[in-house]
Structure formats: structure tokens, C-alpha cells
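J.:
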Amino acid sequence: MSKPTARRSIIVFTSLGVALAIVLPFAWATSQTNAAEPEASPPPQTTQYLPSISDLMIATIQPRYERLWLAVQNKNWVFAAYELGNLRGAFDRLGRAHPTTQDISLPDMITSVTQQPFTELSSAIQSKDAIEFSRAYGDLTSACNACHQALNHGVVAIRLPRGASDASQDFTPEAP
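Note that this note's numbering numbers the sequence shown so that position 161 is 355, with each residue one more than the last.
1) Tell me the DSSP secondary structure of T366 in three-state form.
2) Three Cβ pairs or more, each shorter than 8 Å: is that satisfied between the region 261-272 and the region 324-341?
3) Whole angstroms is fine: what's the gap from A369's alpha carbon to L315's?
4) For Q267 and Q296, what's the separation of their Cα atoms in angstroms?
5) What are the start and end residues of the alpha helix (DSSP H) that includes S248?
6) Would DSSP call L218 helix, strand or coil?
7) For F365 and T335, what's the separation of their Cα atoms in angstroms?
8) Under the assumption that F312 contacts R282 (Cβ atoms under 8 Å), give the Cβ distance between them as a whole number of angstroms.
9) Buried or exposed for V307, going by 16 or more other Cβ atoms inside 10 Å?
10) My understanding is that I319 touches L288, with C-beta atoms under 8 Å, so please give their C-beta distance in whole angstroms.
11) Only counting the same chain, and skipping five residues up and downstream in sequence, which positions put a Cβ closer than 7 Å to that of G348?
12) Only counting the same chain, and skipping five residues up and downstream in sequence, which positions put a Cβ closer than 7 Å to that of V212?
13) Would you report the Cα separation of L300 and Y276, rounded to the nearest angstrom?
14) Taking DSSP as the reference, what is the three-state secondary structure of S321?
15) In angstroms, rounded to a whole number, what distance separates the CA positions of C338 and I252?
16) May I have the straight-line CA-CA distance separating D249 from A234, to the nearest angstrom?
17) Just mark N270 as buried or exposed, buried being the case when its beta carbon has 16 or more other beta carbons within 10 Å.
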């Protein structure tokens, strides 16, 4: 090996040695810090599904609205009270899932539209007054349609259920 090549080799090895002497203590300290901490697992890859307002209306609100009507038509007041509670809960969950729509507070809008009809429906159910129930149910239906209009969804028109249901549920009340 020639003198310049040998000299370059000595400089390279010396530089490498100095670099390792500087870097190795930091690498060791870092590895000790990381070893003391439990290994974090990567966050699971989950897809959060949030049903749309329309999805929730069709899947939770509409069936309860109809079942409430059918329960009273069959004079099943106990089930009507149960279904009214479910309808209130479904509207509450809708408002929590979608706090705003079109820059409007959906929970506030739901409350303003449903509070009075729900109170009247509850009273009619407690007193087993089918005439009062029909009036309050009509008020709820009108309120729903007014809300649809206000949110530019007037094409969604709700009406009173007609005739018997082909539902798989038996709405006949149990004998006391």
C-alpha cells in the first residue's frame, strides 16, 4: 500500500472511530429509554360509520312512529307508552349523532317540533284516550312535515298510517 493510501485509510478509520465514540453513547441511551417503555401497538384501523340523518329517520324514527300508531289502533296502551319512549330516544340519538344540519342545531329543532306533541301523546296514552291520541299524533305528523319543509326536504311527506300493517309483530295487547 502506498503512503498516501495508507494515510487516507488511517484518517478514515480514525474519523470512523471518533464518530462511533460520539454516536454510540447516544444510541445506547436512546435504546435504554425505549426499552423502559412498553412497545406501543399501532392504532387499529377502524372505519367509523355514521348513518346519515335520512338513514336514521328511515331505520329508527319511521318504524317507531308507525308502531306507536298500530299499538293504539290495537288498544295496546302499554306498548304505545313503550314505543313513545323509543321514539323520543331515537330522536335524541339522532340529534346527538348530527348536532347540526344546514347551520341549524338539530337537537334544538327536534325539541321545538316534538316537545308539545310528545307531551300530548303521553297524556293521551296514560288516559287511554284514543281521540286525544289521534289529535296529538296528527300534530306530530304535521310537525314532522313542517320540519322537513324547513330543512328543504319537503319531498319527504309523512302521513298517518292507513289500514292494517303487514308487520310481523303482533300488536294485540296481552290479556290482564
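All residues carry an ideal CB built from backbone N, CA and C; glycine is no exception.
T.: In terms of the structure at hand:
1) In the sequence shown, the residue the question calls residue 366 occupies position 172. Correct three-state label for T366: coil.
2) Taking 8 Å as the limit for Cβ pairs, the verdict is that the region 324-341 does touch the region 261-272.
3) In the sequence shown, residue 369 corresponds to position 175, counting from 1. In the sequence shown, residue 315 corresponds to position 121, counting from 1. The alpha-carbon atoms of A369 and L315 are separated by roughly 23 Å.
4) On the sequence shown, position 73 is the one that residue 267 refers to. On the sequence shown, position 102 is the one that residue 296 refers to. Each residue's Cα considered, the two are about 37 Å apart.
5) For this step, residue 248 is matched to residue 54 along the sequence shown. Element bounds for S248: I247 to L250.
6) As a position in the sequence shown, residue 218 is number 24, starting the count at 1. With a pLDDT of only 48 at L218, under 50, the local geometry of the prediction cannot be trusted, and the value read off the model is given with reservation. In this structure, L218 counts as helix in the three-state DSSP scheme.
7) Residue 365 sits at position 171 when you count from the first residue of the sequence shown. Residue 335 sits at position 141 when you count from the first residue of the sequence shown. Cα to Cα, F365 sits roughly 21 Å from T335.
8) Position 118 of the sequence shown, counted from the first residue, corresponds to residue 312. Position 88 of the sequence shown, counted from the first residue, corresponds to residue 282. Yes, F312 and R282 are in contact; Cβ-Cβ is about 6 Å, under 8 Å.
9) Along the sequence shown, one-based indexing puts residue 307 at 113. The residue is buried, with at least 16 neighbouring Cβ atoms inside 10 Å.
10) Looking up residue 319 in the sequence shown gives position 125. Looking up residue 288 in the sequence shown gives position 94. In fact, because the Cβ distance is near 22 Å, the residues do not count as touching under 8 Å.
11) Taking the sequence shown and counting its residues from 1, one reaches residue 348 at position 154. Result list for G348: H342, in chain order.
12) Working through the sequence shown from its first residue, we reach residue 212 at position 18. With a pLDDT of only 47 at V212, under 50, the local geometry of the prediction cannot be trusted, and the value read off the model is given with reservation. The beta carbon of V212 lies closer than 7 Å to none in the same chain, with the five residues before and after it left out.
13) Start at 1 with the first residue of the sequence shown, and residue 300 comes out as number 106. Start at 1 with the first residue of the sequence shown, and residue 276 comes out as number 82. Looking at the two C-alpha atoms, the distance is approximately 24 Å.
14) Walking along the sequence shown from the start, residue 321 turns up at place 127. Coil at S321, not helix or strand.
15) The residue given as residue 338 occupies position 144 in the sequence shown. The residue given as residue 252 occupies position 58 in the sequence shown. Cα to Cα, C338 sits roughly 13 Å from I252.
16) By 1-based counting over the sequence shown, the position of residue 249 is 55. By 1-based counting over the sequence shown, the position of residue 234 is 40. Distance between the alpha carbons of D249 and A234: 37 Å.
17) Within the sequence shown, the letter at position 76 stands for residue 270. Burial check for N270: the Cβ neighbour count within 10 Å reaches 16 or more, so the residue is buried.
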